[in-house]
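The next block holds one structure in the form of structure tokens; read it before the comments.
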């Protein structure tokens with residue numbers, strides 16, 4: 001594979017991935033703005049509880065096979081097809097078994113998560129498991145082939161569904177049922193479109209030897225996924241148990257809003273990065289180059305976004321969520337700022353570990369993080385909701401430290417270069433933050449807030465262009481994204 005052709009392929013995949021995320025982020029906030037004004041925070045708290053349960057079960061249906069199919073180098077097409085079939089049937093069988101268990105023990109599960117009245121809702125929501133299992137393998141194959149153009153169409157259909165299903169049902173007074181039914185319809189849409197468009201179709205083939213070989217890699221991806229799930233949801237579990245559905249809805253909706261901004265960048269970058277690093281796993285020099293280029297370009301947008309949302313969290317909350325969500329402002333601000341740092345220095349490390357065929361490293365990082373995270377959440381919750389919010393946000397830096405240590409001593413990626421790589425964007429973002437803070441003192445009106453945001457953006461890119469390397473990289477990316485427009 002020639003480097004130029006491979007780089008063009010990655011650039012084209014990145015282009016379509018970014019187009020998908022940008023389109024989604026232009027439409028999805030409109031859906032959220034409407035829904036948060038129709039539904040109360042308690043309804044989103046219920047959905048957060050359901051998502052926590054279904055996402056946990058969904059990890060077992062995939063069993064890490066998606067990552068394996070993207071990362072593994074097969075000898076030929078026939079071997080790949082055999083592996084794909086084994087992964088598909090394993091996923092599907094496990095999904096039906098787990099759905100049955102959830103339906104059977106739905107009342108007990110509801111009591112366990114502190115919502116004893118949600119047993120029936122949990123049982124109905126479990127129908128999503130076989131639907132996601134049915135489409136997850138096709139999704140992995142599209143990622144492996146850098147075919148993000150097809151995934152664009154699938155995503156567009158998915159983001160249109162809330163307008164024709166979720167919002168009308170919410171207006172009819174169905175509360176959290178509107179969100180749940182909309183989610184199920186989206187999964188049905190994904191399964192149908194991906195199966196119809198995919199070159200691969202399920203075949204009646206199964207081999208326990210292949211399953212055993214796949215599990216040698218996938219079991220670590222599964223364990224990592226479980227640990228990540230606990231990292232993502234332990235705070236929600238504690239809030240739901242110690243406080244109530246109102247605070248849970250407030251907290252998870254605020255975090256979801258921040259993540260929707262951040263995934264505009266990461267959601268488009270990480271799938272392409274993982275696919276590219278997997279193909280370069282045996283060429284360490286090119287592997288490092290791909291990692292550092294991606295880290296630097298992501299920092300160009302993530303750093304100022306985190307600082308900006310932190311500074312203007314009141315405005316973001318008022319515009320996107322409305323007055324009844326004003327308490328979410330502080331959650332949005334601190335989570336955005338720590339997320340920016342976490343993404344640039346921590347998120348990509350997991351992709352590096354998996355692309356090198358060593359997902360157990362990511363699992364180790366998550367376990368160490370949980371050892372710190374769980375006590376911090378439990379202790380801080382005793383002092384109230386807000387101490388928990390701030391403690392939960394700040395403890396994320398511990399995971400970054402462990403990630404960077406492993407990157408240096410196991411993967412041989414220098415820590416100092418990781419920091420030097422993003423000095424221009426960090427300096428420009430900090431400078432922008434000071435300017436934004438001063439501009440906010442002038443007036444608190446909406447007109448001035450939007451004007452000052454525009455001034456901050458111009459100031460940020462002006463500082464960034466003072467660095468010759470950043471000018472070269474920014475113009476280089478623009479040129480590459482114009483390659484292979486088809």
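Numbering (my numbering), first residue to last: 1 to 486.
We put the CB at the ideal spot given by N, CA and C, even for glycine.
Excluding five sequence positions before and after residue 294, the CB atoms of its chain that fall closer than 7 Å to its own CB belong to 269, 273 and 348, given in chain order.
Collapsing the DSSP output to three states places residue 200 in coil.
Sorting 238, 225 and 305 by C-alpha distance to the C-alpha of residue 261 places 305 at the top. The C-beta of residue 57 has 16 or more other C-beta atoms within 10 Å across all chains shown, which makes the residue buried.
The C-alpha of residue 469 lies about 11 Å from the C-alpha of residue 423. Under the Cβ criterion (8 Å, minimum of three pairs), the region 298-313 counts as touching the region 415-431. Nearest to residue 85 by alpha-carbon distance, out of 76, 132 and 138, is 138. In the DSSP assignment, residue 351 falls within the unbroken alpha helix (DSSP H) covering 348-355. When the Cα atoms are used, residue 104 and residue 49 turn out to be separated by approximately 18 Å. Runs of the alpha helix (DSSP H) lying entirely within the region 110-177 and spanning at least 4 residues, in chain order: 119-125, 128-144, 148-161 and 167-171. Excluding residues up to 5 positions away in sequence, 234 lie with their Cβ nearer than 7 Å to the Cβ of residue 374 in the same chain.
Taking C-beta separations shorter than 6 Å and ignoring five residues to either side along the sequence, the partners of residue 242 in its chain run 381, following chain order. Using a Cβ-Cβ distance cut-off of 8 Å, the region 360-371 and the region 381-391 are not in contact, since fewer than three pairs of beta carbons, one from each stretch, lie closer than that value. Assigned with DSSP and collapsed to three states, residue 249 falls in helix. For residue 442, there is no enclosing alpha helix (DSSP H), as DSSP gives it neither H nor E.
Shown here for residue 376: same chain residues with a beta carbon closer than 8 Å to its own, the five before and five after excluded, namely 391, 392 and 395 in chain order. Residue 46 and residue 115 have their C-alpha atoms roughly 8 Å apart.
Between residue 185 and residue 159, the CB-CB gap reaches or exceeds 8 Å. Per DSSP, reduced to three states, the secondary structure at residue 412 is coil, with no helix or strand assignment. The three-state reading of DSSP puts residue 324 in helix, counting H, G and I together. Going by C-alpha positions, residue 317 is about 19 Å away from residue 441. Membership of residue 360 in the alpha helix (DSSP H) is indicated by the continuous run 359-381. Shown here, residue 436 sits in a helix according to DSSP, grouped into three states.
Per DSSP, residue 73 lies in no alpha helix (DSSP H) and is assigned neither H nor E. In terms of CA proximity to residue 127, 101 leads the group 361, 145, 101 and 322. Scanning its chain for C-beta atoms nearer than 7 Å, with the 5 sequence neighbours on each side dropped, one finds around residue 144 the residues 69, 70 and 275, in chain order. Taking 8 Å as the cut-off, the beta carbon of residue 337 is found no closer than this to the beta carbon of residue 257.
A distance of 8 Å or more separates the beta carbons of residue 188 and residue 169. Put simply, the region 82-99 touches the region 190-210. At least three CB pairs are less than 8 Å apart. Of the other Cβ atoms in all chains shown, 16 or more fall within 10 Å of the Cβ of residue 252; this residue is therefore buried. Membership of residue 388 in the alpha helix (DSSP H) is indicated by the continuous run 385-394. Of the candidates 350, 237 and 446, 350 places its Cα closest to the Cα of residue 404.
Between the C-alpha atoms of residue 415 and residue 131 there is a straight-line separation of about 41 Å. For residue 172, the number of other beta carbons within 10 angstroms of its own is below 16, and it is reported as exposed. Less than 8 Å divides the Cβ of residue 125 from the Cβ of residue 54. For residue 220 against residue 360, the beta-carbon gap comes to about 4 Å, under 8 Å, which counts as contact.
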